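Residue numbers for the sequence shown follow the working numbering, so the first one is 402 and each next one is one higher.
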Amino acid sequence: MDEKTLQNPADLPYDPDTLRRINEHPCYSQDARHKFGRCHVAVAPKCNIQCNYCVRDFDCVNESRPGVASEILKPGDALERIDEVVDRMKHIKVVGIAGPGDPLANEETFETLRLVHEKYPDTILCISTNGLLLPDKIDLLEKYNVKNITVTLNAINPEIGEKIYSFVEYEGKKYHGLEAAELLLSQQLKGIEEAVKRGMLVKINTVYIPGIN
Numbered sequence: 402m403d404e405k406t407l408q409n410p411a412d413l414p415y416d417p418d419t420l421r422r423i424n425e426h427p428c429y430s431q432d433a434r435h436k437f438g439r440c441h442v443a444v445a446p447k448c449n450i451q452c453n454y455c456v457r458d459f460d461c462v463n464e465s466r467p468g469v470a471s472e473i474l475k476p477g478d479a480l481e482r483i484d485e486v487v488d489r490m491k492h493i494k495v496v497g498i499a500g501p502g503d504p505l506a507n508e509e510t511f512e513t514l515r516l517v518h519e520k521y522p523d524t525i526l527c528i529s530t531n532g533l534l535l536p537d538k539i540d541l542l543e544k545y546n547v548k549n550i551t552v553t554l555n556a557i558n559p560e561i562g563e564k565i566y567s568f569v570e571y572e573g574k575k576y577h578g579l580e581a582a583e584l585l586l587s588q589q590l591k592g593i594e595e596a597v598k599r600g601m602l603v604k605i606n607t608v609y610i611p612g613i614n
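If you want it as structure tokens, here you go:
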């Protein structure tokens, strides 16, 4: 990255909305974990990539991790679940969609975002995604006021990605090997850049795989 593009945080313009989306989000602020709550709804079962380490399934009492869910909710059921949670816990500030597949690969995600945005316009909406469809779906995310995005970026180059991903499925075609890793990384970087341009908060997650990445 060109050093000229780097900004000193002290030089960034003050934006109270951005500050709120940091200070009231438990994933972005250590202090927020003790003050505010979040509600994740599992409405997105389909995924468009296959990571070698990932097994998507339903959880049990002995297993609760990314990629698993107790049940898949329809958008209307998800809204009802959120209503129940908000009614019991007034400190809920965040509604997130993180799977168990990739949110952007599921139309149910956007219907859920629409319903929640209409009923709870001041709630912080966030998604976690592998980033493959982020450039394609960024307009919809902006439409429904999704301003907090987490992208799982496991490889800084295609050579590493080739060891992590079994396949990438994009626009009806399945890609494998280096070609798949190149496509995914390209889409991830485009999506991250576009999200930042639109004032969205982007957090990068990495699944550390010893000896690989």
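Note that CB positions come from ideal geometry on N, CA and C, so glycine has one too. Quick caveat: nothing in here was measured; it's all calculated off a predicted structure.
Discussion item. Going by beta-carbon coordinates alone, are L585 and G612 separated by less than 8 Å?
Written reply: For the purposes of this step, residue 585 is identified with residue 184 of the sequence shown, where counting begins at 1. For the purposes of this step, residue 612 is identified with residue 211 of the sequence shown, where counting begins at 1. Going by C-beta atoms, L585 is not nearer than 8 Å to G612.
Discussion item. So the candidates are H518, L579, S587, K447; which of them puts its Cα closest to the Cα of E508?
Written reply: For the purposes of this step, residue 508 is taken as residue 107 along the sequence shown, with counting starting at 1. When only C-alpha atoms are compared, the closest one is K447.
Discussion item. Mapping the DSSP letters down to three states, classify Q451 as helix, strand or coil.
Written reply: Here residue 451 corresponds to residue number 50 of the sequence shown, with the count starting at 1. Correct three-state label for Q451: strand.
Worksheet item: Taking the Cβ atom as the reference point for each residue, do T551 and S587 lie within a distance shorter than 8 Å?
Response: Residue numbering aside, residue 551 sits at position 150 when the sequence shown is read from its first letter. Residue numbering aside, residue 587 sits at position 186 when the sequence shown is read from its first letter. Cβ atoms of T551 and S587: not closer than 8 Å.
Worksheet item: Going by the CB atoms, is the gap between G578 and L554 shorter than 8 Å?
Response: Stepping through the sequence shown from its first residue, residue 554 is reached at position 153. Stepping through the sequence shown from its first residue, residue 578 is reached at position 177. It is not a contact, given that the beta carbons lie outside the stated cut-off.
Worksheet item: Between N598 and A582, what straight-line distance do the alpha-carbon atoms span, to the nearest angstrom?
Response: As a first step, residue 598 is located in the sequence shown; it is residue number 197 there, counting from the start. As a first step, residue 582 is located in the sequence shown; it is residue number 181 there, counting from the start. The amino acid at residue 598 is misidentified as Asn; the sequence shows Lys. Their backbone Cα atoms lie some 24 Å apart in a straight line.
Worksheet item: So, are the CB atoms of K520 and F437 less than 8 Å apart?
Response: Here the question's residue 520 lines up with position 119 in the sequence shown. Here the question's residue 437 lines up with position 36 in the sequence shown. No, they are not a contact pair.
Discussion item. Suppose the cutoff is 8 Å on Cβ atoms and the five residues either side in sequence are ignored; what does the same chain contact list for S465 look like?
Written reply: The residue labelled residue 465 in the question sits at position 64 within the sequence shown. Because S465 carries a pLDDT of 44, less than 50, the predicted location of this residue cannot be relied on, and the following value inherits that uncertainty. Closer than 8 Å at Cβ, skipping near neighbours: no residue.
Worksheet entry | Cβ-based neighbour list, V502, same chain, cut-off 6 Å, excluding 5 preceding and 5 following | Within the sequence shown, residue 502 is the residue found at index 101, counting from 1. For clarity, residue 502 is Gly in the given sequence; the question names Val instead. Counting only Cβ-Cβ distances below 6 Å, and skipping sequence neighbours, we find A445, P446, K447, C448.
Worksheet item: Measuring CA to CA, which of S567, G592, L590 is closest to E580?
Response: Counting from one through the sequence shown, the residue named residue 580 turns up at place 179. The option with the nearest alpha carbon to E580 is S567.
Worksheet item: Shortest alpha-carbon distance to E595 belongs to which of I539, R489, P504?
Response: By 1-based counting over the sequence shown, the position of residue 595 is 194. Checked all of I539, R489, P504; the closest Cα to E595 is I539.
Worksheet entry | Those residues which DSSP pairs with C527 across a bridge | For the purposes of this step, residue 527 is taken as the residue at position 126 of the sequence shown. Looking at the DSSP assignment, C527 forms a beta bridge with G497, N549.
Worksheet item: Over what stretch of residues does the alpha helix (DSSP H) that includes V517 continue unbroken?
Response: Sequence index remark: in the sequence shown, residue 517 carries index 116 (1-based). Element bounds for V517: 508 to 520.
Item to complete: Just grab the DSSP bridge partners of K606 for me.
Response: As a first step, residue 606 must be located in the sequence shown, where it is residue number 205. Note on residue identity: the sequence assigns Asn, not Lys, to residue 606. T553, per the DSSP bridge assignment.
Discussion item. Tell me the rounded alpha-carbon separation between V496 and K575.
Written reply: Taking the sequence shown and counting its residues from 1, one reaches residue 496 at position 95. Taking the sequence shown and counting its residues from 1, one reaches residue 575 at position 174. When rounded, the distance between both Cα atoms is 32 Å.
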